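Right, one structure below, let's go through it.
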Amino acid sequence: MSRRRQIYEGKAKILYEGPEPGTLIQYFKDDATAFNAQKKGTINGKGVLNNRISEHIFTLLSTIGVPTHFIRRLNMREQLIRQVEIIPIEVVVRNVAAGSISTRLGIEEGTQLPRTIIEYYLKDDALGDPLIADEHIACFGWASQEEMNDIADMAIRVNDFLCGLFAAIGIRLVDFKLEFGRLWENDFARVILADEISPDGCRLWDMASGEKLDKDRFRRDLGGEAEAYQEVARRLGLMPEGEATPVLDLDSHRKKRGK
Ligand code: TMP
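For the sequence shown, my numbering begins at 2 and goes up steadily by one.
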């Protein structure tokens, strides 16, 4: 690759120094991890699809007034973003019970929640990203009360918008994770949406069949993860017209597993 200075390497992305001060280049890898990187693998073409899907969603969000770090896509795997100070909190929004809330509280997967839940997890791999409460955030100063109000407001706006966007293409938005960052302007910091929104950090279920179209295919060894990510991109209208797109055949993966 190039001689650009690498700023940070995460599990699914690399950040490089950008062309101008205050900018970074976000590179999307095909690497996939789960369970705090205890399970590792690759999903062919994931980086290209997530770059494109995240570009699409962040662009739409900015048109409804949600500020984001996204500036523009540079190529198949890279996008130019604003450099922010990442707030060390993973914000999870849940509409339907699945994953950790189901195991932690014994709520059956697929149960529609009577109201949307926002949860906070400390972004700390060494601690396994523990669930935290507002009290911890205030006590340890990870974010101010004002920042948390802005974060909760944006998370709800993003959820309302994405629920509609996905419902229109036959997908149920079960839950998703957001990250936010501080954008410093002189002595004032504004909170904006950062990281990515892609099938890596969302649970997306086909409304008709219930098939999982997200990283749970990898986490749970269901197979067909590349096809599922492509299907999300295709329904969002992001696959090039005329290019033969593989038909979604998640059924064959189910058969292979003998279920
Ligand atoms: P969970 O049910 O495992 O807590 O996950 C909730 C949502 O957050 C799910 O859509 C996947 C996403 N997520 C991430 O993006 N990164 C993570 O490290 C974890 C644990 C979950």
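Built from N, CA and C at the ideal position, the CB exists for glycine as well. The structure displayed is predicted, hence computed values, not measured ones.
Under the DSSP definition of a beta bridge, which residues are partnered with residue i?
{"i": "residue 42", "result": "33"}
{"i": "residue 136", "result": "Answer is none; residue 136 lacks a bridge partner."}
{"i": "residue 213", "result": "206"}
{"i": "residue 119", "result": "94"}
{"i": "residue 81", "result": "26 and 73"}
{"i": "residue 15", "result": "10 and 28"}
{"i": "residue 266", "result": "This structure leaves residue 266 out entirely; the chain is present only between 2 and 260."}
Would you call the CB atoms of residue i and residue j closer than 8 Å?
{"i": "residue 214", "j": "residue 197", "result": "no"}
{"i": "residue 324", "j": "residue 177", "result": "Because the chain spans 2 through 260 in this model, residue 324 falls outside it and cannot be assessed."}
{"i": "residue 79", "j": "residue 52", "result": "yes"}
{"i": "residue 57", "j": "residue 239", "result": "yes"}
{"i": "residue 130", "j": "residue 122", "result": "yes"}
{"i": "residue 110", "j": "residue 93", "result": "no"}
{"i": "residue 14", "j": "residue 38", "result": "no"}
{"i": "residue 83", "j": "residue 184", "result": "yes"}
{"i": "residue 18", "j": "residue 6", "result": "yes"}
Could you tell me if the beta carbon of residue i falls within a distance shorter than 7 Å of some heavy atom in ligand 1?
{"i": "residue 46", "result": "no"}
{"i": "residue 99", "result": "yes"}
{"i": "residue 202", "result": "yes"}
{"i": "residue 159", "result": "no"}
{"i": "residue 93", "result": "yes"}
{"i": "residue 102", "result": "yes"}
I think residue i touches residue j, with their Cβ atoms under 8 Å apart; what is that distance to the nearest whole Å?
{"i": "residue 91", "j": "residue 124", "result": "5 Å"}
{"i": "residue 88", "j": "residue 182", "result": "6 Å"}
{"i": "residue 85", "j": "residue 155", "result": "Actually they do not touch by this definition, with Cβ atoms about 14 Å apart."}
{"i": "residue 165", "j": "residue 208", "result": "Actually they do not touch by this definition, with Cβ atoms about 13 Å apart."}
{"i": "residue 205", "j": "residue 62", "result": "Not quite, the Cβ-Cβ distance comes to about 17 Å (not below 8 Å), so this is no contact."}
{"i": "residue 237", "j": "residue 54", "result": "7 Å"}
{"i": "residue 179", "j": "residue 192", "result": "Not confirmed; about 11 Å, so no contact."}
{"i": "residue 99", "j": "residue 216", "result": "Between residue 216 and residue 99 the Cβ distance is about 12 Å, and since that is not below 8 Å, they are no contact."}
Can we say the region 44-57 touches the region 220-228, given the rule of at least three CB pairs closer than 8 Å? yes
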